[in-house]
Amino acid sequence: MTPPDDFVRAVEAVLFAAEAPLTIDAIRAHVGAGDVKSALETLTANYAGRGIGIVRRGDRWQFQTAADMAHMLRRDREEPRKLSRAGIETLAIIAYHEPVTRAEIEAIRGVQISKGTLDVLMEAGWVKPAGRREVPGRPLMFATSREFLVHFGLASRRDLPGIDDLRAAGLLDPVDLAFDRLEDSEDGGEDGAISGIEAG
Amino acid sequence: MTPPDDFVRAVEAVLFAAEAPLTIDAIRAHVGAGDVKSALETLTANYAGRGIGIVRRGDRWQFQTAADMAHMLRRDREEPRKLSRAGIETLAIIAYHEPVTRAEIEAIRGVQISKGTLDVLMEAGWVKPAGRREVPGRPLMFATSREFLVHFGLASRRDLPGIDDLRAAGLLDPVDLAFDRLEDSEDGGEDGAISGIEAG
Amino acid sequence: MDDAQLTLDLDGWEGPLDLLLSLARGQKVDLRKISILALVEQYLAYVESARALKLELAADYLVMAAWLAYLKSALLLPRDPLAEPDPEELALRLQLRLERLSAMREAGARLMARDRTGRDVFARGAPEGLRTVRKAAWQAEIFDLIAAYGRISARTRPVMHVVADREVMTLEAALERVSMLVGERIDWSVIESFLPDATMLQDGERLRRSALASSFVAALELARQGRIELRQASPFAPLYLRARA
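Residue numbers (the working numbering), protein chains in the order written: chain A, 849 to 1048; chain B, 849 to 1048; chain C, 770 to 1014.
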């Protein structure tokens, strides 16, 4: 094992000492000028296969334990709060469709969301308001937060399980849009280009 | 770093996630049977020369950032701040009369100065202690520093404008004084010449 | 999934679409190939059995049941090309909705199965923490400094008045002038007539007063020497001078 150079060591120490995931700019503020991104890549490679490692969460980086060590570490720890089925579905709909209004969530689930469901997700810090949709009534939209990426171990929303397949299959498009497309193709028209509402 | 075996990885992860330094027994309670001591030695060797390392404190073990990287964990951020009126007046008196004691500054200024004012000037690096006046109480004297000249773009203190220059520039004519004089001349009184104590 | 189990799970449904999806899953085929007619019948049968057991069903379920009953009849009747909406279209829309709900349910499950922070992976337990020390960068301009000194000087220096030189008549000058002039006069002359013509001079009034004082003292001196005589009728009355014969 070759010890890294002092710049990489500095990035390693700063990231290790941090109490929260750090952006590249935040790291640079501590270590000074240098190629932080390349240092992070070096470190990520250095730690591959170890008991701890470096991961990217959105535009931030952090050290964390390797996932396969979970059983060693769960001892004496409280399980994170279990979400209700409504909570899980609502969170998934927001994550895969964001930004999304409450009415849009309800349209997919076929049922009203009880008041507490969004509150629980916001309290957990996984969901946050994300502006208003410019339609009559200007309904509030919701999106996932940075903490959501951290908690679920996602480098970005593109890492959401199966999101590419769902998008390709049109399953992230509203029913009306999907229906029109099916009609078009049945009428012998060319395959409708997927004009999905681009997520993320 | 060569990836270690799973037992060493487990010790590594447990030590990393621990909220306090751990004894070998406490580590074993997490990772199960195995040679914890030897795993700790392997880890210590693995991390030699890196930005972080494993250290022993008594009979407990912990991860910590390398000692020579400690200064990276702290960064100074400079925020521009304007000197207060008391600050700039005190600085001006020191510059024109140095070396000067605090009591002398107050006598010239006609107002007491708070302890913080001189501290700020010394923190800024513009004022420094300059020996003691050989009078009862041996009060500390203050003078300007080289940084003072640099900051204000002066080759020497002789470059500071004298009283006559100030008068010519109208800087000795605050509103109230000019007003008094106007009243005097209306009363038929003669112009009072100000006998300036020559500065510098 | 039999009726008994459906009944037991009554409280567990997240609305009629959820119930429909569970029933559809019971068909064990791809949602795209599902028989909507069979699904409708299953749903209606479920609602019937719930009613038979006198279970209270939320209004949503009954609204859905009514709509599905309509869909069923439309699907069974001979196709009327002018009917709006087209029952096939309604069936397709229902199928699309079920697909979307199903997709999100699976996505939620996969999300929950990820390595979650605080459950499967952990951040460092006792980080040293990073500190940002704010340091003031004090700023002042040379003008501020000079202006401040000007301000202090103007405010606190003792203001000293210097009286400008002005023309006066000395006692010597008055003695000379009075003794010379008095010899030319024959009769008594008032002292003011011995003074220089004040109006001719700058600052004349001041000089006149100075000359009067000096000339008065000069007159006293000349009288003491016996060279002139003085006469005054009463205090503050005009003072007359005459050379001694």
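Ideal Cβ placement from N, Cα and C applies to all residues, glycine included. All figures in this text were calculated on a predicted structure; none of them were measured in a lab.
Taking 8 Å as the CB-CB cut-off, is B/A1041 touching chain A?
-> As a first step, residue 1041 of chain B must be located in the second sequence, where it is residue number 193. In this prediction, B/A1041 scores a pLDDT of 37, lower than 50, which makes its location untrustworthy; no coordinate-derived value is stated.
In three-state terms, what does DSSP make of C/S818?
-> Walking along the third sequence from the start, residue 818 of chain C turns up at place 49. DSSP places C/S818 in helix when its eight states are reduced to three.
Within 8 Å of chain C by C-beta, residues of the region 938-950 of chain A in sequence order | L939, A940, I941, A943, Y944
Contact check, C/D893 vs B/A865, beta carbons under 8 Å | Position 124 of the third sequence, counting from 1, holds the residue named residue 893 of chain C. Position 17 of the second sequence, counting from 1, holds the residue named residue 865 of chain B. Going by the sequence as given, residue 893 of chain C is Arg instead of Asp. Closer than 8 Å, so yes.
Euclidean distance between Cα positions of A/Y944 and A/H999 | The sequence position of residue 944 of chain A within the first sequence is 96, counting from 1. The sequence position of residue 999 of chain A within the first sequence is 151, counting from 1. So the two alpha carbons sit approximately 16 Å from each other.
On the three-pair Cβ rule with 8 Å, is the region 909-923 of chain B touching the region 898-917 of chain C?
-> Here the region 909-923 of chain B makes contact with the region 898-917 of chain C; the two share three or more CB pairs at distances below 8 Å.
Please report the Cβ distance between A/R981 and A/M970, rounded to the nearest whole angstrom; I am assuming they are in contact, meaning their Cβ atoms lie under 8 Å.
-> Taking the first residue of the first sequence as 1, we reach residue 981 of chain A at position 133. Taking the first residue of the first sequence as 1, we reach residue 970 of chain A at position 122. With 8 Å as the limit, A/R981 and A/M970 do not qualify as a contact, their Cβ atoms being about 18 Å apart.
Tell me, please, which residues DSSP counts as bridged to B/R904.
-> Here residue 904 of chain B refers to the residue found at position 56 of the second sequence. Answer is B/W909, bridged to B/R904.
From A/P1022 to A/L997, what does the alpha carbon distance come to, in whole angstroms?
-> Numbered from 1 along the first sequence, position 174 holds the residue referred to as residue 1022 of chain A. Numbered from 1 along the first sequence, position 149 holds the residue referred to as residue 997 of chain A. Using only the alpha carbons, I get a separation of about 25 Å.
Would you kindly report the start and end of the unbroken beta strand (DSSP E) that includes A/D1007?
-> The residue you call residue 1007 of chain A lines up with position 159 of the first sequence. From DSSP, A/D1007 is part of no beta strand (DSSP E); its letter is neither H nor E.
Whose Cβ in chain C lies nearer than 9 Å to the Cβ of A/I936?
-> Residue 936 of chain A sits at position 88 when you count from the first residue of the first sequence. Per Cβ cutoff of 9 Å: R874, G877, A878, L880, M881.
How would you label C/I955, buried or exposed, when you count the other beta carbons within 10 angstroms and need 16 or more for buried?
-> Within the third sequence, residue 955 of chain C is the residue found at index 186, counting from 1. Burial call: exposed.
Are the C-beta atoms of A/L891 and some chain C residue less than 8 Å apart?
-> Here the question's residue 891 of chain A lines up with position 43 in the first sequence. No, because no Cβ of chain C sits closer than 8 Å to the Cβ of A/L891.
State yes or no: is the beta carbon of A/I872 nearer than 8 Å to at least one beta carbon in chain C?
-> Reading the first sequence from its first residue, position 24 is the one you call residue 872 of chain A. Chain C, which has no Cβ nearer than 8 Å to the Cβ of A/I872, makes this no.
Which runs of the beta strand (DSSP E) fall wholly inside the region 945-985 of chain B and span at least 3 residues, in chain order?
-> 975-980
Going straight from the alpha carbon of B/R994 to that of B/K976, what length do you get?
-> Taking the second sequence and counting its residues from 1, the one referred to as residue 994 of chain B is at position 146. Taking the second sequence and counting its residues from 1, the one referred to as residue 976 of chain B is at position 128. Their backbone Cα atoms lie some 10 Å apart in a straight line.
For a contact meaning CB atoms closer than 9 Å, what does A/L1030 contact in chain C?
-> Residue mapping note: residue 1030 of chain A aligns to position 182 of the first sequence, counting from 1. Near A/L1030 (Cβ distances below 9 Å), the residues of chain C are L861, L865.
Could you list which residues in chain A have their beta carbon closer than 8 Å to that of C/F891, in chain order?
-> For the purposes of this step, residue 891 of chain C is taken as residue 122 along the third sequence, with counting starting at 1. Chain order gives the chain A residues near C/F891 as Q912, T913, L921, where near means a beta carbon separation below 8 Å.
Output the distance between the C-alpha atoms of B/S886 and A/A940, rounded to the nearest integer angstrom.
-> For the purposes of this step, residue 886 of chain B is identified with residue 38 of the second sequence, where counting begins at 1. For the purposes of this step, residue 940 of chain A is identified with residue 92 of the first sequence, where counting begins at 1. Approximately 45 Å, taken between the alpha carbons.
Among A/W909, A/A893, A/G1010, nearest to C/R883 - alpha-carbon criterion | Numbered from its first residue, the third sequence carries residue 883 of chain C at position 114. Nearest of A/W909, A/A893, A/G1010 to C/R883, Cα basis: A/G1010.
So C/S922 and C/V947 are in contact, right, with Cβ under 8 Å, and what is the actual spacing, rounded?
-> As a first step, residue 922 of chain C must be located in the third sequence, where it is residue number 153. As a first step, residue 947 of chain C must be located in the third sequence, where it is residue number 178. That belief does not hold up - the Cβ atoms of C/S922 and C/V947 are roughly 50 Å apart, past 8 Å.
What are the uninterrupted segments assigned as alpha helix (DSSP H) that are 4 or more residues long and contained completely in the region 904-969 of chain C, given in chain order?
-> If we require 4 residues or more, the alpha helix (DSSP H) runs fully inside the region 904-969 of chain C come out as 911-925, 940-953.
Indicate whether at least one CB of chain A lies closer than 8 Å to the CB of C/R885.
-> As a first step, residue 885 of chain C is located in the third sequence; it is residue number 116 there, counting from the start. Answer yes: the Cβ-Cβ gap between C/R885 and chain A drops below 8 Å somewhere.
CB contact below 8 Å: B/K963 versus chain C = Along the second sequence, one-based indexing puts residue 963 of chain B at 115. Chain C, which has no Cβ nearer than 8 Å to the Cβ of B/K963, makes this no.
Based on Cα-Cα distance, which residue from C/S979, C/S842, C/Y1009, C/A1002 lies nearest to C/V951?
-> For the purposes of this step, residue 951 of chain C is taken as residue 182 along the third sequence, with counting starting at 1. Nearest C-alpha to C/V951: C/Y1009.
Just how far apart, CA to CA, sit C/L867 and C/L813?
-> As a first step, residue 867 of chain C must be located in the third sequence, where it is residue number 98. As a first step, residue 813 of chain C must be located in the third sequence, where it is residue number 44. The straight-line gap from Cα to Cα measures roughly 17 Å.
So who's on the other strand from B/D853, going by DSSP bridges?
-> For the purposes of this step, residue 853 of chain B is taken as the residue at position 5 of the second sequence. B/D853 is not bridged to any residue.
Using a C-beta to C-beta distance shorter than 9 Å, which residues of chain F count as neighbours of C/G784?
-> Looking at the structure shown, chain F is missing, and the protein chains on hand are A, B and C.
Would you say A/G882 faces chain C, with C-beta separation under 8 Å as the test?
-> Locating residue 882 of chain A in the first sequence gives position 34, where the first residue counts as 1. It does not; no Cβ of chain C falls within 8 Å.
What does DSSP give as the partner residues of C/F891 in its beta bridges?
-> As a first step, residue 891 of chain C must be located in the third sequence, where it is residue number 122. In DSSP, C/F891 forms no bridge with anything.
If we ignore side chains and look at the alpha-carbon of each, how far apart do A/E931 and B/T965 end up?
-> In the first sequence, the residue the question calls residue 931 of chain A occupies position 83. In the second sequence, the residue the question calls residue 965 of chain B occupies position 117. For the sequence presented, residue 931 of chain A should be read as Leu rather than Glu. Distance between the alpha carbons of A/L931 and B/T965: 57 Å.
Using a C-beta cutoff of 8 Å, does B/I1011 count as contacting chain A?
-> Your numbering for residue 1011 of chain B matches position 163 in the second sequence. With its beta carbon at least 8 Å from every one in chain A, B/I1011 lies outside the interface.
Quick check: the region 886-901 of chain A against the region 853-863 of chain C, are there 3 or more CB pairs under 8 Å?
-> no
Residues near B/E860 by beta carbon distance below 6 Å, same chain, minus five either side = Taking the first residue of the second sequence as position 1, residue 860 of chain B is located at position 12. Cβ within range, chain order: L891.
Skipping 5 residues on each side, what residues in its chain have a beta carbon closer than 7 Å to that of C/L789?
-> Counting from one through the third sequence, the residue named residue 789 of chain C turns up at place 20. Only L808, Y812, L867 meet the Cβ criterion.
For B/D798, count neighbouring C-beta atoms within 10 Å of its own C-beta (all shown protein chains included) and say buried if the count is 16 or more, exposed if not.
-> Absent from the model: residue 798 of chain B. The displayed extent of chain B is 849 to 1048, so no value can be given.
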